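Below is one structure, written out as structure tokens, with a few remarks after it.
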Amino acid sequence: MRDLILVTGAAGFIGFHVSKRLLDRGEKVAGIDNLNPYYDPKLKEARLAQLQKSRAFKFIHGDIADTDSVQDVFAEHGIQRVVHLAAQAGVRYSVENPYAYIESNVLGFQNILEGCRHNHIEHLVFASTSSIYGSNTKQPFSEHDPVEHQVSLYAATKKANEAMAHSYAHLYRLPVTGLRFFTVYGPWGRPDMALFKFTRGILADEPIPVYNQGQMVRDFTYVDDVAEGVVRILSVIPKPNPDWNGDAPDPATSNAPYRIYNIGNNQPVELLTYIAVLEKALGKKAQLEMLPMQPGDVPSHRIPPADERRRWHLELRQVVSRLLPDLNIRTPAPTIAPKRNPPMCAHHATPTTCSVPDAAASDRNPFKNCIANQIGRNTSARVSAIAQ
Ligand SMILES: NC(=O)c1ccc[n+]([C@@H]2O[C@H](COP(=O)([O-])OP(=O)(O)OC[C@H]3O[C@@H](n4cnc5c(N)ncnc54)[C@H](O)[C@@H]3O)[C@@H](O)[C@H]2O)c1
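Okay, here's the thing in structure tokens:
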């Protein structure tokens with residue numbers, strides 16, 4: 412009986428959380444990863460060590476760009492469903508290292524598609540990105556809008572993945588779902604992402620680069636919400652949409668078994684607000700190095716009205732408070748712990764006791780689920796709607 416879920420990029424940030432969630436639900440997971448040095452592989456090994464505590468987890472050290480190895484993985488294991496997260500991530504790195512993206516994101520993805528095709532995989536769920544919206548300015552970003560103007564090679568490879576996946580859904584009736592993630596944050600996060608880079612810079616009194624003079628806006632999604640979304644969507648196998656109309660083609664669906672969803676929080680935050688809140692949480696001023704727009708970056712999407720900005724500020728306070736226990740693990744405790752703000756309860760919007768029952772409460776953050784529920788409420792509502 413085929414009952415194994417293959418997770419590619421299992422030692423990565425999102426792959427680790429997805430694998431853990433699947434294991435916690437009693438699934439059997441095979442995780443493949445090449446543990447590449449894009450960022451410190453020790454972090455990847457540490458994530459793997461957590462997963463390997465479960466006997467239901469099997470690690471395959473391999474490269475998805477190696478066609479023969481990927482074929483062997485599919486042939487040797489009874490794989491039922493696939494969560495494809497392995498990729499060369501990062502927008503700025505693609506400016507200097509374009510071939511890394513072609514190898515992992517295009518050739519690697521092709522190998523996964525072939526493995527799925529020849530082994531009659533029930534459902535392939537793969538990671539796409541909000542960067543795919545590129546030059547689009549219409550807000551909020553919708554999967555139903557055309558996305559034809561990517562501004563980085565990274566985003567272009569993800570766009571290629573969506574097109575490649577659709578062709579396999581059409582030709583071989585392979586059920587595929589693409590998920591566009593929006594800046595994911597949380598424990599075990601990627602050290603190349605802004606939160607960790609800024610925190611390290613502020614604590615070390617080093618200037619932090621602020622692109623486009625700070626005129627940038629991002630939507631942040633908590634990694635637990637992303638993992639929950641992936642796991643739920645994995646069991647929602649797409650069917651051809653009988654209402655799909657080629658005269659007015661909806662990019663998010665098809666007459667093939669194919670779907671595209673945004674997995675975001677729809678709570679955009681301005682970069683300068685983000686930095687101000689980090690300063691407050693760390694008890695230290697940042698040295699800002701104002702820089703022009705970087706090639707490949709998506710600029711500020713829109714300047715929000717004042718009441719929205721106040722709401723974001725509150726939201727980000729909650730985001731940072733939620734992360735402080737994690738930052739505390741990764742930075743020397745004496746530097747940050749004495750100045751740490753208490754965790755905020757999002758239900759009360761103050762650092763107070765929350766009466767909401769919380770099974771996952773801990774000394775580090777007594778409001779863990781309470782805050783996560785609030786921050787992730789749009790994501791969760793969205794995922795519930797999809798998974799109905
Ligand atoms: N983190 C985010 O904010 C975000 C946002 C949008 C989309 N995504 C997408 O989500 C997925 C996971 O991202 P992440 O943040 O966990 O990144 P990550 O870099 O932490 O994880 C990717 C993992 O894939 C592995 N990998 C890369 N190339 C490989 C190859 N050729 N063979 C085998 N393994 C390989 C890496 O070693 C790494 O462990 C990626 O597809 C990424 O593009 C992430």
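When you read off a place in the sequence shown, starting at 1, and then add 411, the result is the number in the numbering used here. Every residue, glycine too, gets a C-beta built ideally from N, C-alpha and C. Note that the structure is a prediction, hence the values are computed from the model and not measured.
- Using a Cβ distance threshold of 8 angstroms, L585 and L535 count as a contacting pair.
- A check of alpha carbon separations from L564 across N547, I543, A576, A580 identifies I543 as the nearest.
- Taking a cut-off of 8 angstroms for Cβ pairs, the stretch 510–528 and the stretch 545–561 do not touch, as fewer than three such pairs fall below it.
- Around the beta carbon of P668, 16 or more other beta carbons lie within 10 angstroms, which makes this residue buried.
- G420 has its Cβ nearer than 7 angstroms to a heavy atom of ligand 1.
- Rounded to the nearest whole angstrom, the CA to CA distance from T632 to N676 is 5 angstroms.
- Using a Cβ distance threshold of 8 angstroms, L689 and F593 do not count as a contacting pair.
- Here the alpha carbons of A441 and V641 stand approximately 16 angstroms from one another.
- Taking C-beta atoms under 8 angstroms as the contact rule, S546 and R591 fail to qualify, at a distance of about 16 angstroms.
- Sequence-distant partners of D616 (beyond 5 residues in either direction) whose C-beta falls short of 6 angstroms from its own C-beta are missing from its chain.
- Within 7 angstroms of the C-beta of Q521 there is not a single heavy atom belonging to ligand 1.
- Pairing L417 with I475 gives a Cβ-Cβ distance that is not under 8 angstroms.
- Between the alpha carbons of R503 and V484 lies a gap of roughly 32 angstroms.
- Judged by the Cβ position, Q463 fails to qualify as a neighbour of ligand 1 at the 7 angstroms threshold, every heavy atom of the ligand being at least this far.
- Within 7 angstroms of the C-beta of A500 there is at least one heavy atom belonging to ligand 1.
- Per DSSP, reduced to three states, the secondary structure at Q491 is strand.
- Uninterrupted beta strand (DSSP E) stretches at least 3 residues long and entirely within the stretch 652–706 occur at 669–674, 679–681, 698–701, given in chain order.
- Spatial neighbours of R436 in its own chain (CB-CB distance under 8 angstroms, excluding positions within 5 residues in sequence) are listed in chain order as V642.
- Contact between I532 and G589 does not hold, since the beta-carbon distance rounds to 15 angstroms and is not under 8 angstroms.
- In the structure shown, the three-state DSSP call for P557 is coil.
- Spatial neighbours of K469 in its own chain (CB-CB distance under 6 angstroms, excluding positions within 5 residues in sequence) are listed in chain order as A441.
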